[in-house]
Amino acid sequence: MNKRRWAAVGIAFFLLIFSAITSSVTRIRETKESMGQINELLYGNGEPQEIVVEQGNSTQKIAKLTIEGTILNTGPSSIFSSTGYNHEAFMQQLELVKNDPTVQGVLLVVNTPGGAVYETAEITKELKKIEEEIPVYVSMENQAASGGYYVSANAEKIFASEDTVTGSIGVIMSNTNYSGLMEKLGITDATVKSGALKDIGSSSRPQTEQDREVLQSYIDSSYGRFVKVVAEGRDMKEERVKELADGRIYDGAQALDNGLIDAIGYPEDAMEALKADKGLSDAQVIEYSEGNTDFINSWLGNQMAEIQNLKPTQEQQIANIIEQVGTPQSPKAMYLYGGE
């Protein structure tokens with residue numbers, strides 16, 4: 001063959017390979033899109049889905065929201081992110097409530113020992129925006145302590161059972177210092193730092209008086225914000241709040257005596273009071289859920305999610321939690337009953 005024919009064969013071969021690659025990429029993309037559509041059908045898209053739990057007038061809705069578990073942001077919102085509290089999903093629910101003119105009231109059911117300072121304050125900020133437009137009633141279940149009380153304090157009415165654990169108003173930063181053990185073992189902290197306080201809170205060196213003063217000042221600042229939230233929400237003087245806010249817990253009866261709640265009752269009692277007080281006896285009651293939770297929670301759903309690497313591993317979940325609550329080398333302030 002002459003040079004022209006060899007060149008033509010080369011071009012034809014190149015076009016054949018290019019066409020095959022392009023076709024393969026297209027098939028892979030189409031397969032991924034198809035799998036994405038199938039997964040969305042099976043698991044949902046992670047967006048909150050409105051569920052009617054009590055029929056009624058759909059132009060007058062009561063949104064029943066729930067905070068269940070420790071208030072932590074353990075990563076991007078996902079239907080598989082955790083079996084407990086999902087911060088990003090809850091914030092999405094608050095956004096839906098704010099933007100839905102048919103929602104005329106909110107019942108917030110709280111069952112949490114509290115949690116991270118930032119996430120607790122973020123919830124409270126958004127709830128206050130809602131409370132400017134519509135009434136928010138709170139029902140405390142087993143516990144609504146520390147950050148659980150923080151998010152509840154501004155509600156128009158707070159209900160709790162006589163046996164609810166609440167209070168624990170305050171801030172904690174837990175840490176363990178093992179520098180004495182290191183010394184006995186002959187292990188030396190060789191940290192190099194730009195300033196005396198750069199490794200403040202470190203577990204591997206003795207805590208200095210300056211360390212303690214700085215950390216206490218930081219905790220006092222967070223505590224002051226907590227006291228202010230309670231004082232404004234419960235219409236109390238800050239001095240009175242501080243008398244109650246030494247970290248102790250209260251049962252529902254004690255909380256009522258001290259003005260921390262408004263009535264003894266369960267979620268159904270709070271719901272009935274909200275309907276009666278606000279003329280919402282015919283309201284439709286809604287909740288929000290994420291995706292196809294029946295399939296997600298099934299054995300088959302769990303197995304499929306693991307095979308497709310859609311579900312975070314146990315190690316990833318633990319790492320996310322550790323990042324939120326802090327480590328011995330980097331402790332974090334928490335609105336949390338009982339520490340970490």
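Numbering (the UniProt record's numbering), first residue to last: 1 to 340.
Note that the Cβ used here is the ideal one computed from N, Cα and C, for glycine as well.
| Item | Value |
| --- | --- |
| Where does P231 sit, in a helix, a strand or coil, going by DSSP? | A quick correction: the sequence has Ala, not Pro, at residue 231. Residue state, collapsed to three classes: helix. |
| Taking just the CA atoms, how far does T191 sit from D251? | 46 Å |
| Return the chain-ordered list of same chain residues with a C-beta closer than 6 Å to the C-beta of G233, the five sequence neighbours on each side being excluded. | A153 and N154 |
| When burial is assigned at 16 or more other CB atoms within 10 Å of the CB, is L108 buried or exposed? | buried |
| Quick check on the DSSP output: what are the complete beta strand (DSSP E) runs of length 3 or more inside the segment 233-291, in order along the chain? | 283-290 |
| Check S58 in the structure and name its three-state DSSP category. | strand |
| Just mark V261 as buried or exposed, buried being the case when its beta carbon has 16 or more other beta carbons within 10 Å. | One point to set straight first is that residue 261 is Ile, not Val, in the sequence displayed. Under this definition I261 is a buried residue. |
| Where does K198 sit, in a helix, a strand or coil, going by DSSP? | coil |
| Residues in its own chain within less than 7 Å of V97 by CB, not counting five upstream and five downstream? | A63, V103, V106 and I130 |
| Answer yes or no: do N99 and Q284 have a C-beta to C-beta separation smaller than 9 Å? | no |
| Looking only at its own chain, which residues have a Cβ that is under 6 Å from the Cβ of L244, when we skip the five neighbours before and after it? | N258 |
| Using the C-alpha atoms, what's the distance from I200 back to L215? | 8 Å |
| Drop a sphere of 10 angstroms on the beta-carbon of residue 344, count the other beta-carbons inside from all chains shown, and report buried for 16 or more, exposed for fewer. | Any question about residue 344 goes unanswered here, given that the chain covers just 1 to 340. |
| For the beta strand (DSSP E) holding M334, just list the boundary residues, first then last. | M334 to L336 |
| Determine the DSSP secondary structure at A144, reduced to helix, strand or coil. | strand |
| Does the distance from the CB of F226 to the CB of I172 come in under 9 Å? | no |
| Compare the C-alpha of Y223 against each of L336, L256 and Y288 and name the closest. | L336 |
| Tell me the residue span of the beta strand (DSSP E) that contains T188. | Premise fails: T188 is in no beta strand (DSSP E) and is neither H nor E. |
| Here's the rule: buried if 16 or more other CB atoms are within 10 angstroms of the residue's CB, otherwise exposed. What is K275? | buried |
| Mark G114 as exposed unless 16 or more other C-beta atoms lie within 10 angstroms of its C-beta, in which case mark it buried. | buried |
| Write down the C-beta distance between S174 and P331 rounded to the nearest angstrom, noting that I regard them as a contact closer than 8 Å. | 6 Å |
| Between K184, G167, Q92 and P135, which lies nearest to G147 when the distance is taken from Cα to Cα? | G167 |
| Give the range of the beta strand (DSSP E) segment to which T112 is assigned. | V103 to T112 |
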